Amino acid sequence: MKLAHIGQASRPLPRRFYEGSPERVAREIIGKVLVSTAGARILAGRIVEAEAYHGADDPAAHAFAGKTLRNAVLFGPPGFAYVYFIYGMHFCLNVSCETDGTGGGVLFRALEPLDDFGGQTGGIAEMRRLRGLPDDAPLRLIAAGPGRLCQAFGITRANTNGLDFTDPASPLRIVDDGFQTKEIVDTPRIGISKAAERPLRFYLAGSTFVSGKR
DNA sequence: TTATAGATTGCCT
DNA sequence: GGCAATCTATAAT
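Numbered according to numbering that gives the first Met the number 0, the first sequence spans residues 0 to 213.
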């Protein structure tokens with residue numbers, strides 16, 4: 000699809016949005032829209048859940064042990080995609096935060112699938128196909144969870160790690176479509192065993208697309 | 001070199 | 001609720 004057809008809302012959030020603490024970025028990214036133009040259809044989803052991961056002071060974070068080949072993106076400039084492979088079968092998507100040289104990032108945990116973006120429709124059918132779900136599968140099964148979200152967008156470490164979210168030419172971007180978030184809830188992070196008490200998980204109050212049991 | 005835990009998901013009982 | 005799937009990073013031998 001031609002980017003020009005997507006319109007004003009396609010302008011990616013600027014670099015400065017990602018500078019500073021992952022905690023602030025995780026909270027403020029709720030309500031923004033993740034957009035992929037990598038495939039045949041434009042895929043879009045509203046970010047309804049995210050978690051913050053710091054560096055040296057956060058034992059649960061990949062950046063905690065210092066910079067390695069795997070987590071190098073977290074220590075680079077803010078606004079870049081960090082994708083890792085976990086449990087032998089799932090990918091998880093993060094965006095780097097903090098200034099160049101400091102480790103930290105935000106994990107995308109759940110999206111509300113959006114069928115049309117910039118006048119293009121059919122995104123939800125494509126996301127269901129990528130997830131291997133039947134045509135009548137509930138919407139919330141598409142991207143409620145970090146692994147599901149990546150599968151729905153066709154995201155792998157090979158095709159996404161290191162992408163610049165702020166580059167207008169990037170196939171993956173985060174945009175503000177004017178959506179007003181009413182209330183954002185913070186809770187402890189999910190699925191970790193270290194520093195599990197810190198309230199660094201944020202989600203859109205009332206959203207049925209948040210991960211976890213219901 | 002071998003063992004184990006992991007920012008998860010889906011299927012089984 | 002329990003647990004297998006299946007690869008990687010890191011700890012232990």
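Every residue, glycine too, gets a C-beta built ideally from N, C-alpha and C. In this text, all values refer to a predicted model and were calculated from it rather than measured experimentally.
Tell me which residues share the same chain as residue i and place their Cβ nearer than 6 Å to its Cβ, disregarding the 5 neighbours each side in the sequence.
| i | result |
| --- | --- |
| Glu182 | Ala204 |
| Glu125 | Arg40 |
| Gly144 | Ser210 |
| Arg197 | none |
| Asp115 | none |
| Val184 | Tyr202 and Ala204 |
Closest to residue i by C-alpha separation, out of the options, would be which residue?
| i | options | result |
| --- | --- | --- |
| Gly118 | Gly153, Phe208 and Ile41 | Ile41 |
| Ile29 | Tyr86, Leu92, Ala109 and Thr36 | Ala109 |
| Gln179 | Ile123, Lys31 and Ser9 | Lys31 |
| Glu111 | Ala64, Ala43, Asp56 and Ala136 | Ala43 |
| Val72 | Tyr86, Ile85, Gly87 and Cys96 | Cys96 |
| Thr186 | Gly177, Glu18, Asp135 and Glu48 | Glu48 |
| Gly38 | Asp175, Ser169, Met88 and Tyr52 | Ser169 |
Using C-beta distances below 8 Å, list every residue in its chain close to residue i, excluding the 5 sequence neighbours before and after it, in chain order.
| i | result |
| --- | --- |
| Thr101 | Gly54 and Phe74 |
| Glu27 | Phe16 |
| Glu50 | Ala25, Val105, Leu106, Arg108, Arg188, Ile189, Leu199, Arg200 and Phe201 |
| Val82 | Phe90, Cys91, Leu92, Asn93, Cys149, Ile154, Thr155, Arg156, Thr159 and Asn160 |
| His4 | With a pLDDT of 48 at His4, under the threshold of 50, the predicted position of this residue should be treated as unreliable, though the coordinate-derived value follows. Cβ within range, chain order: Gly117, Gly118 and Gln119. |
| Ile191 | Ala59 |
Is residue j closer than 9 Å to residue i when the C-beta atoms are compared?
| i | j | result |
| --- | --- | --- |
| Ser35 | Pro167 | no |
| Pro133 | Asp99 | no |
| Gly121 | Leu113 | no |
| Phe164 | Phe79 | yes |
| Asn70 | Ala62 | yes |
| Ile46 | Gly146 | no |
| Asp57 | Ala142 | no |
| Gly103 | Pro21 | yes |
| Leu33 | Leu162 | no |
Apart from the five residues on each side of it in sequence, which residues of its chain come closer than 7 Å, Cβ to Cβ, to residue i?
| i | result |
| --- | --- |
| Met0 | Here Met0 scores only 48 on pLDDT, less than 50, and its place in the model is too uncertain to base an answer on. |
| Gln150 | Leu129 and Arg130 |
| Thr207 | Arg139 |
| Pro13 | Thr165 |
| Ala136 | Arg127 |
With respect to 8 Å, is the separation between the Cβ of residue i and the closest non-hydrogen atom of the ligand FMN below this value?
| i | result |
| --- | --- |
| Gly104 | Among the ligands in the structure shown, none appear at all, so the ligand FMN cannot be discussed. |
Report task. Could you tell me which uninterrupted alpha helix (DSSP H) segments, each at least 4 residues in length, are contained entirely in the segment 85 to 151, listed from first to last along the chain? Result -> Scanning the segment 85 to 151 from its first residue to its last, the whole alpha helix (DSSP H) runs of 4-plus residues come out as 122 to 130 and 139 to 142.
Requested in this report: Give, in chain order, every unbroken run of the alpha helix (DSSP H) that is at least 4 residues long and sits entirely within the segment 16 to 99.
Outcome: Correct list: 21 to 28 and 71 to 74.
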